[in-house]
Every structure is written in structure tokens, then in C-alpha cells.
Amino acid sequence: MAECLVETFQPERVYLFGSTARGDAGPDSDYDFIVVVADSQQSSYQRSIQGQRALAPFQLPKDVIVWTKDQFDKRLYLVASLPATVVREGVLLYER
Numbered sequence: 002m003a004e005c006l007v008e009t010f011q012p013e014r015v016y017l018f019g020s021t022a023r024g025d026a027g028p029d030s031d032y033d034f035i036v037v038v039a040d041s042q043q044s045s046y047q048r049s050i051q052g053q054r055a056l057a058p059f060q061l062p063k064d065v066i067v068w069t070k071d072q073f074d075k076r077l078y079l080v081a082s083l084p085a086t087v088v089r090e091g092v093l094l095y096e097r
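If you count the sequence shown from 1, you need to add 1 to reach the working numbering.
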């Protein structure tokens, strides 16, 4: 799945986070991805829809969040923020 996200976005980084990344996924768990792109003119929502479409062939529950590097990095210092949690607990699947 990470390869499809890389092909679609040519990102800076791709992370897997949440219960699947922590290794405590249950039968109702999904795959949570955050894709960090250099820049984009699309809204976060439009980028996430594009990510969902890229992963549509995979018949698994998944969520895709796509943020610009600036959006991601601006929140890293906040301990309880999504980016800080992803860096702390997630799995880096791809880095340019």
C-alpha cells in the first residue's frame, strides 16, 4: 500500500500509525496512513480522497491523511498532536 501512496504523491514521507503500527490491532482495526508531501494546491480533504482512491484496490479498511510538510512540521512540537504521536509511535514506511 505504501508503494501506491508513493507513486500517487511522490511524498517526503509515509507513515503507518495507530493500532496496526503499534501491533495491537484487533479484528475491526484499520490501516492508518499519514503522507507528508512537499507542497500542494489541493485541500487536505482532496488529497485524502486521492489517497483513498489510490488504495481502493486493497480491500482492507484504511484511512489516509495527506498533509504538507509545513502542516506536519508546525505541529511536531505539540506533544499530543497527531504528527508528534505519529513520529513517536508510528512506523516510517518511506522517506525521500
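Each residue gets a CB set at the ideal place from its N, CA and C atoms; glycine is no exception.
Only residues of its own chain outside the window of five on either side were considered, and among them D31 have a CB closer than 6 Å to the CB of P62, listed in chain order. With respect to L93, R23 sits apart: the two C-beta atoms are not nearer than 8 Å. Where F10 is concerned, the enclosing alpha helix (DSSP H) starts and stops at 3-10. Rounded to the nearest whole angstrom, the C-alpha separation of S49 and I66 is 5 Å.
In the three-state reduction of the DSSP assignment, L83 falls in the helix class, which pools H, G and I. In this model, C5 and A85 are separated by some 24 Å (Cα to Cα).
Pairing L56 with M2 gives a Cβ-Cβ distance under 8 Å. In the structure shown, the three-state DSSP call for D71 is helix. Straight-line measurement puts the Cα of Q72 at about 18 Å from the Cα of D64.
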